[in-house]
Amino acid sequence: MTCSACAVSVESMVASTPGVINANVNYATQTLQVAYDPEKVRLADMRKVVKSIGYDLIIDSENAREKQEQAQQNHYQTIKRNTILAAILTLPLVIVGMFFMNLPYGNWLMLVLSAPVLFIFGRNFFINAFRQARHGKANMDTLVALSTGTAFGFSVFNTLYPEFWYARGLHPHVYFESAAFIIVFILLGKLLEERAKSNTSSALKKLIGLQPKTVWLIENDQEREVPVADIQTGNLILVRPGEKIPVDGQITAGSSYVDESMISGEPVPVSKQMNDNVFAGTINQKGSFRFVAQKVGSDTLLAQIIKLVQQAQGSKAPVQKLVDKIAGIFVPVVVGLALLSLIIWLVLGGDNGFTQGLLAFVTVLVIACPCALGLATPTAIMVGIGKGAELGILIKDAESLEQAHQLNALVLDKTGTITEGKPVVNNLIWAENVQLRQMALESVLLTMEQQSEHPLAEAIVRNLREKNITTVSLANFDSITGQGLRAIWQDKMYRIGSLSYMISEKIKIPAEFNDLATTWAEAAQTIIYFSEEQQVVALVSIADKIKETSAKAIQTLQEQGITVYMLTGDNARTAASVAHQVGITNFKAEVMPSDKADFVKSLQNQGKVVGMVGDGINDSQALAQADVSIAMGKGSDIAIDVAKMTLITSDLQLLPKAIKLSRQTVLAIRQNLFWAFIYNLIGIPIAAGILYPTFGFLLNPMIAGAAMALSSVSVVANSLRLKAKKL
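Residue 429 in full-length UniProt numbering sits at position 429 of the sequence shown; the count goes up by one each step and never skips.
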């Protein structure tokens, strides 16, 4: 399907088939969802209906997605080839038509050059128009086929029988270059649209790729590798270090840390013990464990995320849909006006009524060519996208440009959006009585943390390595799961861990460290204690640092009248601390991916135009649901693919600029559409001969062709003005 009108055609045709209860076409995923009575209609019957209007239906359940992707790729390559070859033939055609009109046999040369452009490279316009007409429908293909076909047919007649016009004192003009020019421009627009559309499903492909193809199934204490599709509820599964978890379930043996950032958005892997739940698509870290499958196939959390992303994407309609809707009315109106002008000339035109009427008929169809209408949106978008890219804002489609300037609610993810998304050591404080031995103790701390499996250990190791601290040889190193580390160096016992671990080991904590720990905890920092023998000698605080520009950007957005919300999978204390530091009063903590999407939907139900800014897989549902979705450039590929805008530098200060760019671009689109319609509103009556009774003026089809080209040039020029605008 090449436009939203195609989706409407397929949906209505299938829905009207006897035996079909309901049909719903998802344009984003190129899928058809049908509820039907298998006793009254078969899938083969539906395919026949779909093929009758120029499309096809893949009903192979085994490798349908692969076939669909291959078909789309082949379609894109066909349009690309046709566009290039048509342009190669049209260039000399335009040169001859515009500058060497009196060239000997020039008309025959243009006939030879233009015929392949229309009937080989542009044949789909005519085929689709015919198929639509058979079912009483019309779209942009209809107008393209009518205008170019009439211009070509009229030109062929004038080339074969020029004396017909000479005998009536008129010059036999030809419009081969106009017909070919229209085909090339529309093909180029289709190519750009197809290229953009090909990226729509890439996010879904990557989400699907998060699930492993095979899994280790345990039966009778024996391990065997089986396809993930064979897993059933109640099966016992083994997950090894570094592997993706295949389905949702509950741990029965073993322990590990699991990267659940796709669900929570939080960068710190989660400790998993006996009876803890695990989810499909999340990644096991260093340990191994066994778990019982509880949700498989389409019931897993990952499958639900994929489904919700598909539904949210499919519920959107691009700006071009407006043009397609108008075309559905515009086409029959134009054809009707052309026929009406012919009939009026036949009745009232006297001796030259047929001649003048035929000229008027052709002129109306030529001047009403949809070139300017077709270029109005893509040219402004191309310039807007180019300008955005220069500023570090990638914009994918017209829909986000149309709605971004209307935003009155903006939802921000915390981790990776407001914060850096990477735990770092904020503070490392040593007790006064050990400062002379600080370097040696730092070496012990580094060596112990290097051997730790705890996810926060990396932040401490990175911090100490930046100081060029070296390692030492430890004795009796031991990692106590869920508590901390201990080791012996130079006959002294050293421990690293949480406050509860220190208390359980009866370690003394200096009063000043207690005060610092309280202060840091209130600022949503994780506190780690380092002890020598029975005394704490160092205190470490680790946090996800807030970006320097976040607070300023949020303030600017609020000054623009936008209400800013923050959602996070983190705990309430951390969420409150971060929200306070950046000036956000509306926030929610401990939210799941579906909760984020539901929150966006609730704001939309209140009549708000909602923007969502995120960087992780866990944000993809909310991004797809939002009116305007914005991803951080340093975030996950899936978030970037789902989002309609991407801030390359992940700097929130680009958001106000993106909104202003949206305002300027959508203004240019509306100006282009206005002038395209005004051009037709003025041009069509003149082409029909409305000025002839009063002024004796009848528009020549050649001038109509030039006016058509001029309208396209004016639309492009207006779009290019965007480059000079300041943000």
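Glycine residues also receive a C-beta, built at the ideal position from the N, C-alpha and C atoms. Source: prediction; values computed, not measured.
query                                                                                                                      : result
G97 versus F181, A129, T78, I21, residue with shortest Cα-Cα distance                                                      : F181
Pairwise C-alpha distance: S473 and G497                                                                                   : 20 Å
DSSP-derived helix/strand/coil call for A317                                                                               : Confidence in A317 is poor, its pLDDT being 37 and thus under 50, which makes the residue's placement too unreliable to answer from.
Coil, strand or helix - L191 by DSSP                                                                                       : helix
C-alpha gap between K387 and S714, whole angstroms                                                                         : 20 Å
P593, buried or exposed, once every other Cβ within 10 Å from all chains shown has been counted against 16                 : buried
Option nearest E505 by Cα separation, candidates R495, A511, F513                                                          : R495
Which of helix, strand or coil DSSP assigns to R495                                                                        : strand
Reduced DSSP secondary structure (H/G/I, E/B, other) of A116                                                               : Looking at the sequence shown, residue 116 is not Ala but Pro. Residue state, collapsed to three classes: helix.
One or two residues paired with K295 in a DSSP bridge                                                                      : D248
Straight-line gap, Q313 to A7 (C-alpha atoms, nearest Å)                                                                   : Legend: pLDDT at Q313 = 46, less than 50; position of this residue unreliable, value from coordinates given subsequently. Each residue's Cα considered, the two are about 14 Å apart.
Bridge partners - T419, DSSP secondary structure assignment                                                                : I546
Beta-carbon contacts of K725 that lie in its chain and below 6 Å, excluding the five residues immediately before and after : Q664
Residue span of the alpha helix (DSSP H) that contains K601, given as start and end                                        : 593-605
Nearest to N235 (by Cα), restricted to the options A293, T31, Q250, P227                                                   : A293
Distance, L464 Cα to D598 Cα                                                                                               : 43 Å
Where S531 falls, given that 16 or more other Cβ within 10 Å makes a residue buried                                        : buried
Supposed close pair L407, I554 - CB separation, criterion 8 Å                                                              : That pair is no contact at about 14 Å.
Sequence-distant residues of its chain with Cβ nearer than 6 Å to T526 (five each side left out)                           : I542
Rounded C-alpha distance that separates A360 from Y175                                                                     : 14 Å
Opposing strand residues paired with A487 [DSSP bridges]                                                                   : Y494
C-beta atoms of I367 and G384 nearer than 8 Å                                                                              : no
Residue 729 vs G254 beta-carbon contact at 8 Å                                                                             : Since the displayed the chain opens at 1 and closes at 727, residue 729 lies outside it and no answer follows.
Environment of T419 [buried if 16+ CB atoms lie within 10 Å]                                                               : buried
V258 and A280 closer than 8 Å at C-beta                                                                                    : no
Residues near R573 in its chain [Cβ-Cβ closer than 7 Å; skip 5 each side]                                                  : A524
Which listed residue (V94, N426, L401) has its alpha carbon closest to that of residue 738                                 : For the chain, the structure presents residues 1 to 727; residue 738 sits outside this window and is missing.
Between the CA atoms of K634 and P318 - distance to the nearest angstrom                                                   : In this predicted model, P318 has a pLDDT of only 48, less than 50, meaning its place in the structure is not dependable; the value taken from the coordinates is given anyway. Approximately 27 Å, taken between the alpha carbons.
Burial state of F513 (16 or more Cβ within 10 Å)                                                                           : buried
Nearest to L365 (by Cα), restricted to the options Q211, I703, S12                                                         : I703
C-beta atoms of D570 and A551 nearer than 8 Å                                                                              : no
Proximity to V536 [Cα-Cα], best of Q435, F100, T549, S288                                                                  : Q435
Three-way DSSP call (helix, strand, coil) for R290 in this model                                                           : strand
Complete runs of the alpha helix (DSSP H) confined to the region 18-58 [at least 4 residues]                               : 43-52
Inter-residue spacing [alpha-carbon to alpha-carbon] between N275 and V239                                                 : 15 Å
Contacting residues, own chain, Cβ-Cβ under 6 Å from T150 (five flanking each side not counted)                            : V362, L365
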